[in-house]
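Trainee: One structure, as structure tokens, below. Some questions next.
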Amino acid sequence: MGKPIRTSFAEGAEFVELDELDRAILRELQKDARRTNRDLAAAVGVAPSTSLERVRSLRERGVLRGYRAEVDLEAIGRGIQAMISVRIRPPSRRNIEAFREWAARLPDTVGVFVTSGNKDFLLHVAVPDTDGLYAFVIDRLTERPEVADVETSVVYEHVRAPAIEPVRPPRPHTGDRGRGSRPG
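Under numbering that gives the first Met the number 0, the first residue of the sequence shown carries the number 0, and numbering increases by one thereafter.
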């Protein structure tokens, strides 16, 4: 199994400036990342050399981090999905990091989310059947000494957005006009 892919949501993360062409390329690649550069260029209305350079720039700036196959979990024998909330005690950095790394390596794990609130983790798992889910929770999770509590929700349906648009940066502030101030 490959190395888990980590996504950080830390405050202060660098915002990458994207223009309309970058946004168009991202939309198209999210629809079909296997398309040729020539097809991508035609879809966004630029020369293939421009498209190639922009995709390279998006990779170098960390916007594009890879290309993956979307797998039908039911077709590979993992027809039951669940979201499992996990509380760790004591909530030390060592326990949190060790559990995160352990959970990410499990073959049933689709995703690991480190969360705030009364639970420390949300695990997305895919298993063959309800017996497999029971075994995952009882034989794996609750056997770990740092696991204080688990709560399991079976996923009936998982709908994903076909693409996610980048956030537009805020426009620069130019004085107090339009913000309720009165002219002097």
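Backbone N, C-alpha and C fix where the C-beta goes; we use that ideal spot for every residue, glycine too.
#1: Within its chain, find whatever has a CB closer than 7 Å to the CB of VAL136; leave out the 5 residues flanking it on each side and keep chain order.
#2: What's the call for ALA193, buried or exposed, on a 16-neighbour Cβ count within 10 Å?
#3: Keeping to the same chain, check which residues put their C-beta closer than 6 Å to that of LEU72; ignore five residues upstream and five downstream.
#4: If you pair each beta-carbon of the segment 155-175 with each one of the segment 29-39, do three or more pairs fall below 8 Å?
#5: Tell me the DSSP secondary structure of PHE98 in three-state form.
#6: Compare the Cα-Cα distances from SER115 to each of VAL85, ARG143, PRO127 and report the closest residue.
#7: Candidates THR108, VAL153, ARG99, GLY110: which alpha carbon is nearest ALA145's?
#8: According to DSSP, simplified to helix, strand and coil, what is SER180?
#9: Does GLU150 come out as helix, strand or coil in the three-state DSSP assignment?
#10: Whole angstroms are fine: how far does the CA of VAL43 sit from the CA of THR35?
#11: According to the neighbour-count rule (16 or more other Cβ atoms, all chains shown, within 10 Å of its Cβ), is LEU40 buried or exposed?
#12: Spatial neighbours of ASN94 within its chain, please: CB distance less than 6 Å, with the 5 preceding and 5 following residues excluded, ordered by chain position.
#13: Drop a sphere of 10 angstroms on the beta-carbon of VAL70, count the other beta-carbons inside from all chains shown, and report buried for 16 or more, exposed for fewer.
#14: Where does MET0 fall in DSSP's three states?
#15: Measure the Cβ-Cβ separation of LEU17 and VAL45 and say whether it is below 8 Å.
#16: Roughly how many angstroms lie between the CA atoms of ALA68 and PHE112, to the nearest whole one?
#17: Taking Cβ to Cβ, would you say LEU105 is nearer than 8 Å to ARG143?
Mentor: With the given structure in hand:
#1: If you number the sequence shown from 1, residue 136 lands on position 137. Only residues of its own chain outside the window of five on either side were considered, and among them ILE83, VAL149, THR151 have a CB closer than 7 Å to the CB of VAL136, listed in chain order.
#2: Because residue 193 is not part of the residues shown, which for the chain are 0 to 183, the question remains open.
#3: The residue labelled residue 72 in the question sits at position 73 within the sequence shown. Hits under 6 Å: ALA125.
#4: In short, these stretches touch, since the Cβ pair count reaches three.
#5: Indexing the sequence shown from 1 puts residue 98 at position 99. In the three-state DSSP reduction, PHE98 falls in the helix class (H, G or I).
#6: Position 116 of the sequence shown, counted from the start, is the residue given in the question as residue 115. The shortest CA-to-CA distance from SER115 to any of VAL85, ARG143, PRO127 is the one to VAL85.
#7: Taking the first residue of the sequence shown as position 1, residue 145 is located at position 146. Looking at the sequence shown, residue 145 is not Ala but Glu. Ranked by Cα distance from GLU145, the options THR108, VAL153, ARG99, GLY110 are led by ARG99.
#8: Residue numbering aside, residue 180 sits at position 181 when the sequence shown is read from its first letter. Bear in mind that a pLDDT of 46 at SER180, under 50, signals an unreliable position, so the number given afterwards is only what the model happens to contain. Under the three-state reduction of DSSP output, SER180 falls in the coil class, being neither helix nor strand.
#9: On the sequence shown, position 151 is the one that residue 150 refers to. If DSSP states are grouped into helix, strand and coil, GLU150 belongs with the strands.
#10: In the sequence shown, the residue the question calls residue 35 occupies position 36. In the sequence shown, the residue the question calls residue 43 occupies position 44. The straight-line gap from Cα to Cα measures roughly 13 Å.
#11: Here residue 40 refers to the residue found at position 41 when the sequence shown is read from its first residue. Here residue 40 is Ala; the residue named in the question, Leu, does not match the sequence. Flag for ALA40 reads buried.
#12: If you number the sequence shown from 1, residue 94 lands on position 95. For ASN94, where only same-chain residues beyond five positions count, the Cβ hits under 6 Å are ILE87, GLU145.
#13: For this step, residue 70 is matched to residue 71 along the sequence shown. VAL70 is exposed by the Cβ-count criterion.
#14: Locating residue 0 in the sequence shown gives position 1, counting from the first residue. The pLDDT assigned to MET0 is 47, lower than 50, so where the model puts this residue is not dependable; a value taken from the coordinates is nonetheless given after this. Residue state, collapsed to three classes: coil.
#15: Residue 17 sits at position 18 when you count from the first residue of the sequence shown. Residue 45 sits at position 46 when you count from the first residue of the sequence shown. No, these two residues do not count as a Cβ contact at 8 Å.
#16: Locating residue 68 in the sequence shown gives position 69, counting from the first residue. Locating residue 112 in the sequence shown gives position 113, counting from the first residue. Roughly 21 Å between the two C-alpha positions.
#17: Your numbering for residue 105 matches position 106 in the sequence shown. Your numbering for residue 143 matches position 144 in the sequence shown. No, these two residues do not count as a Cβ contact at 8 Å.
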